[in-house]
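What follows is a set of notes on a single structure, which appears directly below.
Chains as they are written, first to last, in this note's numbering: chain A, 97 to 343; chain B, 97 to 343.
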């Protein structure tokens, strides 16, 4: 186990002090949770909606809505506001516009505050917190992150991400604002995500990267199983991440 | 115990859902902690500094520095930056400018990240968290609040306050940004502080208010013992606040 020369970039890197996390898909099962909540709210109205299809259609409007903010066409709006705009569109597309009242729309939009974490997440974060500062670096707004943390027992040190930066990932400002809030250099912060594009953008902003596989995010076998580009670590779940980071 | 008419404003108020806290003085003993840290760092350099006097002099420059941001003369700068500017001034005023090196100044400035909480704070917050969302609404920056929380076991749901609002209390934007981050109306949020001016400003922004007495904040018998104006509650400590709020 010898090598003539240490790897120069690795040798120059400072230790990781904080981990920041993508949330939708990486930590929580948005698809199964939104399907469940949608059916629970719409079936009693006599609407035989397919929850999984509704969840996929709602989520499909996520990136285009944020792109309006990223491009400057829309001033910064919290994700709850974009979710509601998208919900109204999905209901219209499903021919349900006249059949879902305002109170139900409000309750359904808050389904994003009631997502369930993957089983490894709470125990993994508890171990990681012994050694690192932890925060979500999500496009979800602060109140949404707070509700998911309460529901799933996620021990955050702070809620960082889009609402602090007032812009959406993968814009570099969001990753850089998270590092700055912790008073750390970008290279002292590791972004943890199940999505290649998130990690590519975080690395370009100077952060370290860890890929967590969530192979069933978009349905059985329809999630990313390996990193799309170079990452510092690739793990099957947060318990394995804790193992790899000595936490 | 009857009354002809309910009190109209009180009857119109929604239930409190979140508590937000002033930190310096209200939750932590900045004076005793800064005195201890200052002596620990400067006495080994052969500087016979009186820690309590140094702490008072440093803190005396706090409001004037923030006023430069509030008035727009200085762009928003995190409190760590203002503390450092003030530290350099205090060292010069004490005739220590040539005798304290840069590394010691950096370490001394971080003394604000190592303040000790009053004894009722951690147990009081743990009780209150069973019933309310909790966050600091302090002029301290996020990393400072995170370090105080880790040191003292403060169970925050989020870190709100000046760095999120990019302005300093008692400007209304800081209180309003805290309520908005929790997705609550101002009247659903109660500001908890040991300082009358903070509570007057919070009430003017529409928040509920609780005064906590910290009679020794500025030295024995030199803290506020009663609210300077009308408040919703006045208590001797956070355990009494939990009692009063049924938490």
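All C-beta atoms, glycine included, are put in the ideal place defined by N, C-alpha and C.
query	result
Counterpart residues of residue 41 (chain A) in DSSP-defined beta bridges	With chain A running from 97 to 343 in the structure shown, residue 41 (chain A) is simply not present.
The ligand NAD heavy atom lying under 7 Å from the CB of residue 309 (chain B)	Only the bare structure without any ligand can be found here, which leaves the ligand NAD out of the picture.
Strand pairing of residue 150 (chain B), partner residues [DSSP]	Residue 150 (chain B) is not bridged to any residue.
Chain-ordered residues of the stretch 267 to 280 of chain B with a beta carbon less than 7 Å from chain A	277, 278, 279
Closest Cα partner of residue 328 (chain B) within the set B:221, B:296, B:229	B:296
Proximity of residue 273 (chain A) and residue 253 (chain B) at Cβ, strictly below 8 Å	no
Cross-chain neighbours of residue 259 (chain A) in chain B, by beta carbon under 9 Å	260, 277
Identity of the residue in B:205, B:134, B:153, B:326 nearest residue 305 (chain B) by Cα	B:326
Exposure of residue 198 (chain B), with buried meaning 16 or more beta-carbon neighbours within 10 Å	exposed
Proximity test, Cβ basis, 8 Å: residue 229 (chain A) and chain B	yes
8 Å Cβ cutoff met for residue 58 (chain B) and residue 343 (chain B)	Any property of residue 58 (chain B) remains undetermined from this structure, which presents chain B solely from 97 to 343.
Cα-Cα separation, residue 316 (chain B) to residue 310 (chain B)	10 Å
Unbroken stretches of the beta strand (DSSP E), 3 residues or longer, contained in the stretch 123 to 170 of chain B	none
Residue 141 (chain B) burial status per 10 Å Cβ neighbour count (16 or more: buried)	exposed
Assigned secondary structure, residue 239 (chain A) (DSSP; H/G/I helix, E/B strand, else coil)	helix
Beta-carbon contacts of residue 98 (chain A) that lie in its chain and below 8 Å, excluding the five residues immediately before and after	With a pLDDT of 40 at residue 98 (chain A), under the threshold of 50, the modelled position of this residue cannot be trusted; read the value that follows with caution. There are no such residues.
Where the beta strand (DSSP E) through residue 231 (chain A) begins and ends	229 to 234
Separation of residue 192 (chain A) from residue 276 (chain B), as counted between CA atoms	31 Å
Neighbour flag for residue 207 (chain A) against chain B, beta carbons, 8 Å	no
Test: residue 239 (chain B) CB closer than 8 Å to a CB of chain A	yes
Proximity test, Cβ basis, 8 Å: residue 255 (chain A) and chain B	yes
Any chain B beta carbon closer than 8 Å to residue 245 (chain A)	yes
Interface flag, residue 98 (chain A) vs chain B, CB-CB below 8 Å	Unreliable placement is indicated for residue 98 (chain A), whose pLDDT of 40 sits below 50; the coordinate value is still reported in the next sentence. Not closer than 8 Å to any Cβ of chain B, the Cβ of residue 98 (chain A) fails to qualify, so no.
Cutoff 8 Å: residue 165 (chain A) Cβ touching any chain B Cβ	no
Pairwise C-alpha distance: residue 114 (chain A) and residue 135 (chain A)	38 Å
Cβ-Cβ separation, residue 183 (chain B) to residue 210 (chain B) (assumed contact under 8 Å), whole Å	Their Cβ separation, rounded to whole angstroms, is 15 Å, which puts residue 210 (chain B) and residue 183 (chain B) out of contact at 8 Å.
Exposure label - residue 250 (chain B); buried when at least 16 CB within 10 Å	buried
The alpha helix (DSSP H) enclosing residue 203 (chain B), as first and last residue numbers	198 to 205
is_contact[residue 242 (chain B), chain A] using C-beta, thresh 8 Å	yes
Euclidean distance between Cα positions of residue 100 (chain A) and residue 261 (chain A)	Caution is warranted here: a pLDDT of 47 is assigned to residue 100 (chain A), below 50, making its placement in the model unreliable, and no coordinate value can be reported.
Per DSSP, cross-strand counterpart(s) of residue 257 (chain B)	B:234
Span separating the alpha-carbon of residue 270 (chain A) from that of residue 130 (chain A)	26 Å
Given residue 293 (chain A) as reference, the closest of A:333, A:159, A:204, A:278 once Cα atoms are compared	A:159
Straight-line Cα distance separating residue 247 (chain A) from residue 147 (chain A)	21 Å
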